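In what follows, a structure is listed as structure tokens, so that the remarks can point back to it.
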Amino acid sequence: MGCLLISLESLLSWETFSKIAGIFSIASFGLTLWVLLETRKLKAMYKLRGRGPSMIKDLVKMSASLSKYLNDYSNSLAQIAQELGKIESKLKSLEPKLSGAPKGSVKVLRSYIDQVEVNAENEEQVRRTHVEIIKVIEELKDHQKDLDWE
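All the letters of the sequence shown, read from the start, carry residue numbers 6 to 155 under this note's numbering.
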């Protein structure tokens with residue numbers, strides 16, 4: 006019994022207590038950081054789940070309008086430029102809600118749309134941009150379906 010009291014006294018010394026408290030303090034800081042990161046991921050995921058489907062529908066509608074205007078390219082230059090602007094704006098709103106590969110694709114597409122000039126000489130470039138928009142929309146649809154499994 007005397008040995009037990011001596012070992013308890015040595016365990017409860019101020020120095021040992023200080024070391025244990027330091028270890029727990031570091032561990033709690035690490036745990037706090039982990040919770041913060043996981044909470045941010047969850048927040049982003051639910052933002053995308055909530056707004057994603059409607060934003061993707063809007064992008065599909067805008068892409069269909071753009072396709073219609075492309076059929077009469079020379080007479081629809083102003084409308085094509087407007088649709089590309091709307092699509093870029095929608096992608097800008099969607100980008101912060103994404104992560105990983107879809108976010109990178111949206112970022113690349115936004116820069117691609119930003120660089121395209123809608124004029125009579127650039128019809129092929131505008132058509133390629135439309136194809137890229139369709140690819141990204143399909144990627145976003147697949148990503149949205151993947152979220153439903155999580």
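Glycine is no exception: its CB is placed at the ideal position from the N, C-alpha and C atoms.
As the structure is a prediction and not an experimental result, all values here were calculated from the model.
Cα-Cα separation between residue i and residue j, rounded to whole angstroms
| i | j | result |
| --- | --- | --- |
| G5 | I31 | A question about residue 5 goes unanswered here, because the residues of the chain that appear run from 6 up to 155. |
| E5 | E88 | Nothing can be reported for residue 5, as the shown portion of the chain is limited to 6 through 155. |
| Q120 | R133 | 12 Å |
| L145 | L36 | 33 Å |
| D77 | E128 | 11 Å |
| D63 | E43 | 30 Å |
| L38 | Q130 | 46 Å |
| D147 | K66 | 17 Å |
Reference residue i; option with closest CA among the options
| i | options | result |
| --- | --- | --- |
| L152 | F29, P58 and R45 | P58 |
| A86 | I25, S72 and S33 | S72 |
| P101 | L36, L42, M50 and R133 | M50 |
| L99 | L38, Q149, A26 and W39 | Q149 |
| K91 | M60, L42, S104 and P107 | M60 |
| S79 | T21, E143, E126 and L103 | E126 |
| S81 | K46, L42 and N124 | N124 |
| V141 | L38, L53 and A106 | A106 |
| E143 | I118, S110 and Y117 | S110 |
| I118 | L103, S104 and I139 | I139 |
| K46 | S104, F22 and E20 | S104 |
Other residues of its chain near residue i: CB distance less than 7 Å, five sequence neighbours each side excluded
| i | result |
| --- | --- |
| A83 | none |
| K24 | none |
| L41 | none |
Cutoff 8 Å; reference residue i; Cβ partners in own chain excluding five residues on either side
| i | result |
| --- | --- |
| H135 | S68, L71, S72 and L75 |
| K48 | none |
| K108 | E100 |
Close-in-space but distant-in-sequence residues of the same chain around residue i (CB under 6 Å, 5 per side omitted)
| i | result |
| --- | --- |
| R115 | E93 and L96 |
| W154 | none |
| K52 | K102 |
C-beta neighbour in chain C for residue i, strict 8 Å
| i | result |
| --- | --- |
| K24 | The chain inventory of the structure shown lacks chain C, comprising one protein chain alone. |
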